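Under my numbering, the first residue of the sequence shown is numbered -17, with each subsequent residue one higher.
The C-beta atom is built at its ideal place from N, Cα and C for all residues, glycine as well.
All values derive from a computational prediction rather than experimental measurement.
Below is one structure; the comments refer to it alone.
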Amino acid sequence: MIPTATPGSLMIVVPAFNEGGAIGQVVSEIRETVPGIPVLVVDDCSTDASVARARAAGAEVLCLPHHLGLGGAVQAGYKLAYELGYDYVIRMDGDGQHDPADIPKILDALRSSSCQMAIGSRYLNGGLDPSSFARGLGIRLFRLVLRPILGQEVRDPTSGFVGVNRQALQVFSRTFPLEYPEIEALVVLQRKAFRFVEVPCRMRPRLAGRSTITAVKSLYYIAHVLLGVFVNVLKYEPKRKKRP
-17 MIPTATPGSL MIVVPAFNEG GAIGQVVSEI RETVPGIPVL VVDDCSTDAS
33 VARARAAGAE VLCLPHHLGL GGAVQAGYKL AYELGYDYVI RMDGDGQHDP
83 ADIPKILDAL RSSSCQMAIG SRYLNGGLDP SSFARGLGIR LFRLVLRPIL
133 GQEVRDPTSG FVGVNRQALQ VFSRTFPLEY PEIEALVVLQ RKAFRFVEVP
183 CRMRPRLAGR STITAVKSLY YIAHVLLGVF VNVLKYEPKR KKRP
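So this is what it looks like as structure tokens:
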């Protein structure tokens, strides 16, 4: 059972869908790095051993009744953390690509800055772009599109290693993009005049399995996310006053 939060408390949220080959080690590494911090695995109706292995490693598991996708799983974790009174949440992927050793850096960035979000970026300090041409193209395109919208550059807009404070939690517990949420979430923050900061983090190879985003799906991802961004911008753009 997840304990009720105390002032300044942190929760780690790990969305998972069929990550049975990696989730146990992910949870164990998190607990070794930040002992005493609750780890919540949000299981999105996995059909493998994800739930059992997450629990065996010491995580609390929130099992969703229906498959909601990544955004739905993340929002469920945010909502629970907010209702329990947590001030900070750091989200990590369940495949082992994010290094728990970087958790303190993200938490420190949230606590020491006036930003509502801290993004773990693989591209700061000389980090390399992805090997996939489609992924690299998408990330460069997202950088160009987001720069005028956000008013600042974001080097790693698709990062799933993200920390938020209670202000952002309050927003995301009510509204959060359901599919491919990382980039649209930045636009949601911008509408609230919230700020973000990027923190250099290391990206590791997956511990098990393979990414479901193929070259073809990467192109769909680019189109889908760009459409979502433009819809959000147009929907919430302040209306100009009519001249008398």
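Considering residue i, what are the terminal residues of the beta strand (DSSP E) in which it resides?
i	result
residue -2	-8 to -2
residue 182	178 to 182
residue 85	Note, residue 85: premise wrong, no beta strand (DSSP E); alpha helix (DSSP H) at 85 to 94.
residue 44	42 to 45
residue 22	21 to 25
Keeping to the same chain, check which residues put their C-beta closer than 6 Å to that of residue i; ignore five residues upstream and five downstream.
i	result
residue 12	-6, 21 and 82
residue 161	51 and 53
For residue i, I'd like the list of residues in its chain whose CB is within less than 7 Å of its CB, leaving aside the five on either flank, ordered along the chain.
i	result
residue 135	125 and 129
residue 223	Bear in mind that a pLDDT of 42 at residue 223, under 50, signals an unreliable position, so the number given afterwards is only what the model happens to contain. So the list is empty, once near-sequence residues are dropped.
residue 49	26 and 27
residue 132	168 and 172
Considering only C-alpha positions, which residue in the set the options is nearest to residue i?
i	options	result
residue 156	93, 54, 18 and 31	54
residue 33	-13, 104 and 76	76
residue 178	-17, 40, 16 and 100	100
residue 175	36, 93, 153 and 19	153
residue 97	44, -15, 80 and 181	181
Within 8 Å of any Cβ in chain C, is that where the Cβ of residue i sits?
i	result
residue 86	Structure shown: chain C not included; a single protein chain is present.
Report all residues from its chain with a CB closer than 8 Å to the CB of residue i; omit the five preceding and five following residues, and keep chain order.
i	result
residue 31	2
residue 6	35, 36, 38 and 39
residue 170	153, 154, 157, 158, 159 and 214
residue 188	4, 77, 78 and 79
residue 84	102, 143, 181, 183 and 184
Name the two residues that bound the continuous alpha helix (DSSP H) containing residue i.
i	result
residue 151	148 to 154
residue 52	51 to 66
residue 73	That residue, residue 73, is in no alpha helix (DSSP H); its beta strand (DSSP E) goes 70 to 73.
Could you check how far apart the C-beta atoms of residue i and residue j are, in whole angstroms? I think they sit under 8 Å.
i	j	result
residue 4	residue 78	4 Å
residue 145	residue 92	5 Å
residue 185	residue 122	Between residue 122 and residue 185 the Cβ distance is about 17 Å, and since that is not below 8 Å, they are no contact.
residue 89	residue 70	6 Å
residue 43	residue 163	Actually they are not in contact, since the Cβ atoms of residue 43 and residue 163 sit about 21 Å apart, beyond 8 Å.
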